[in-house]
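Asker:
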Amino acid sequence: MDPESLKGVIVPLTTPFDASGEIDGRAYRAQIEWMLAEGVDGIVVGGSTGEGFALDEGEVVELAHIALEAAAGRVPVMASILADCTRTAMRRAGQLAALGLTALQVAPPHYIFAPSDDGLLSFYRDVAATTRLPIVIYNVISWANVRPAVAARILDRVPSVVAVKQSDKDLGTFADLVRAIGPERVFGAIDGSLMSCYDLKAAGSIAAIASAIPSVNVALWRAVGRGDRDRALELNSGLGEVWEHLAAQNLPARVKAAQAAQGMAAGLPRGPMEPVSPDLAARIAAVIGRIRAL
Numbered sequence: 007m008d009p010e011s012l013k014g015v016i017v018p019l020t021t022p023f024d025a026s027g028e029i030d031g032r033a034y035r036a037q038i039e040w041m042l043a044e045g046v047d048g049i050v051v052g053g054s055t056g057e058g059f060a061l062d063e064g065e066v067v068e069l070a071h072i073a074l075e076a077a078a079g080r081v082p083v084m085a086s087i088l089a090d091c092t093r094t095a096m097r098r099a100g101q102l103a104a105l106g107l108t109a110l111q112v113a114p115p116h117y118i119f120a121p122s123d124d125g126l127l128s129f130y131r132d133v134a135a136t137t138r139l140p141i142v143i144y145n146v147i148s149w150a151n152v153r154p155a156v157a158a159r160i161l162d163r164v165p166s167v168v169a170v171k172q173s174d175k176d177l178g179t180f181a182d183l184v185r186a187i188g189p190e191r192v193f194g195a196i197d198g199s200l201m202s203c204y205d206l207k208a209a210g211s212i213a214a215i216a217s218a219i220p221s222v223n224v225a226l227w228r229a230v231g232r233g234d235r236d237r238a239l240e241l242n243s244g245l246g247e248v249w250e251h252l253a254a255q256n257l258p259a260r261v262k263a264a265q266a267a268q269g270m271a272a273g274l275p276r277g278p279m280e281p282v283s284p285d286l287a288a289r290i291a292a293v294i295g296r297i298r299a300l
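The structure is reproduced here in structure tokens:
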């Protein structure tokens, strides 16, 4: 699928695990069908919401195969690379190169020391050399942040790096990035402020909150697109309420609780992460039910 198709609400899938910690492929397929029925514009395998930090290389490939088969060309499919050195990231990119993905979402190395600006450029250049797939910089690591000027430098010098997913909570930095590389190359991941990202003409979003409540996120994107400010503000406020229940440690488990509240077999998080408590699950279910009804 053409990388130009990357726009709108692109959802980072959760990864359902069974009680033994193995991937539940059937539940994963069901989640993808649900996301497509809710109207999302793309899906992402193995990101932070998908517990990519807990997946081995073979499992990311397995999930990518399942996602591509389930999506069957209906929406773009991206896969994530979370690696702590260039060599590992290159190997993972090579493994994913020929599967038929639309693009890769690649985070900078981040444990435990951050590379220099020149190191970041070299990292993305070397990873890009192993694949023909377009690359989206996954700018999610606060202590290994790709600053707007550095992102512009990377996009200028590495043609296959085509966009940035910006997760920094600072809207000022988001606006700086939009000015530096152009709004069509920026995806918002500021979950509690997606409307502001869209107002800055971002290409779309790749945000955990869309995995938790896809229908309302799709409705927000469409309301902004048609210029319905009142409806967009209502939906954005509702999503802010949802995010207050999700924005904490163990985010993937909280997102899975939100999915379960909507009838999905979301599975368990992989250890050492734990499921949410029954009390928190009930509070998440209540806010999901209320905001879905908007």
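In terms of our numbering, the sequence shown opens at residue 7 and continues consecutively. The beta-carbon is built from N, C-alpha and C at its ideal position, and this holds for glycine as well.
1) Per DSSP, Pro1 forms a beta bridge with which residues?
2) What are the complete alpha helix (DSSP H) segments, minimum 4 residues, inside the stretch 87 to 174?
3) Check the C-beta distance from Gly52 over to Leu61 and give it rounded, since I have them as a contact under 8 Å.
4) Taking 7 Å as the threshold (C-beta atoms), are Lys175 and Tyr144 in contact?
5) Under 7 Å between the Cβ atoms of Pro82 and Leu12?
6) Looking only at DSSP bridge pairs, what is Leu241 linked to?
7) When the distance is taken between beta carbons, is Val261 closer than 7 Å to Thr136?
8) Sort out for me which residues DSSP pairs Glu274 with in a bridge.
9) Judging by CA-CA distance, which residue of Leu177, Gly178, Asp197 and Asp205 is the nearest neighbour of Glu190?
10) Measuring straight from C-alpha to C-alpha, what distance separates Ala155 and Cys203?
11) Alpha carbon to alpha carbon, what distance is there between Val17 and Gly198?
12) For Ile212, report the span of its beta strand (DSSP E) as first-last.
13) Could you pull the start and end residues of the beta strand (DSSP E) that Gly31 belongs to?
14) So does the stretch 261 to 272 actually touch the stretch 285 to 297, counting three or more Cβ pairs closer than 8 Å?
15) Can you tell me which of the three DSSP states Gly56 falls into?
16) Cβ atoms of Ala216 and Val50: under 7 Å apart, would you say?
17) So which of Leu252, His71 and Glu63 has the shortest CA-CA distance to Ala89?
18) DSSP three-state label for Met279, please.
19) Quick one: what's got a C-beta closer than 6 Å to Pro275's C-beta in the same chain, skipping five residues either side?
Answerer: On the basis of the coordinates in this document:
1) Given that the chain is displayed from residue 7 to residue 300, the structure contains no residue 1 and the question cannot be resolved.
2) Fully enclosed alpha helix (DSSP H) runs of 4 or longer: 92 to 102, 123 to 134 and 154 to 163.
3) Looking up residue 52 in the sequence shown gives position 46. Looking up residue 61 in the sequence shown gives position 55. Contact holds; Cβ gap of about 6 Å.
4) Counting from 1 along the sequence shown, the entry for residue 144 is found at position 138. Counting from 1 along the sequence shown, the entry for residue 175 is found at position 169. In this structure, the beta-carbon distance from Tyr144 to Lys175 does not fall below 7 Å.
5) As a first step, residue 82 must be located in the sequence shown, where it is residue number 76. As a first step, residue 12 must be located in the sequence shown, where it is residue number 6. Result yes, Cβ atoms of Pro82 and Leu12 sit closer than 7 Å.
6) Indexing the sequence shown from 1 puts residue 241 at position 235. Answer by DSSP bridge pairing: none, since Leu241 is not bridged.
7) Working through the sequence shown from its first residue, we reach residue 136 at position 130. Working through the sequence shown from its first residue, we reach residue 261 at position 255. No, the Cβ-Cβ distance between Thr136 and Val261 is not below 7 Å.
8) Along the sequence shown, read from residue 1 onward, the residue named residue 274 stands at position 268. The sequence as given places Leu at residue 274; Glu does not occur at that position. Paired residues: Phe23.
9) On the sequence shown, residue 190 is found 184 positions in, with the first residue counted as 1. With distances taken between Cα atoms, Glu190 lies closest to Asp205.
10) Residue numbering aside, residue 155 sits at position 149 when the sequence shown is read from its first letter. Residue numbering aside, residue 203 sits at position 197 when the sequence shown is read from its first letter. Ala155 and Cys203 have their alpha carbons spaced roughly 19 Å apart.
11) For the purposes of this step, residue 198 is taken as residue 192 along the sequence shown, with counting starting at 1. For the purposes of this step, residue 17 is taken as residue 11 along the sequence shown, with counting starting at 1. Distance between the alpha carbons of Gly198 and Val17 is about 15 Å.
12) Taking the sequence shown and counting its residues from 1, one reaches residue 212 at position 206. Taken as a continuous stretch (DSSP letters only), the beta strand (DSSP E) holding Ile212 covers Gly210 to Ile212.
13) Counting from one through the sequence shown, the residue named residue 31 turns up at place 25. Annotation for Gly31: no beta strand (DSSP E) segment contains it, though the alpha helix (DSSP H) segment containing it runs Gly31 to Ala43.
14) Cβ pair count under 8 Å is three or more, so yes.
15) Residue mapping note: residue 56 aligns to position 50 of the sequence shown, counting from 1. In the three-state reduction of the DSSP assignment, Gly56 falls in the coil class, being assigned neither a helical nor a strand state.
16) The residue you call residue 50 lines up with position 44 of the sequence shown. The residue you call residue 216 lines up with position 210 of the sequence shown. Not closer than 7 Å, so no.
17) As a first step, residue 89 must be located in the sequence shown, where it is residue number 83. Ranking the options by Cα distance to Ala89, first place goes to Glu63.
18) On the sequence shown, position 273 is the one that residue 279 refers to. The DSSP-derived three-state label of Met279 is coil.
19) Start at 1 with the first residue of the sequence shown, and residue 275 comes out as number 269. Setting aside the 5 residues that flank it on each side, Pro275 is surrounded in the same chain by Pro258 and Ala259, each with a C-beta closer than 6 Å to its C-beta; the list follows chain order.
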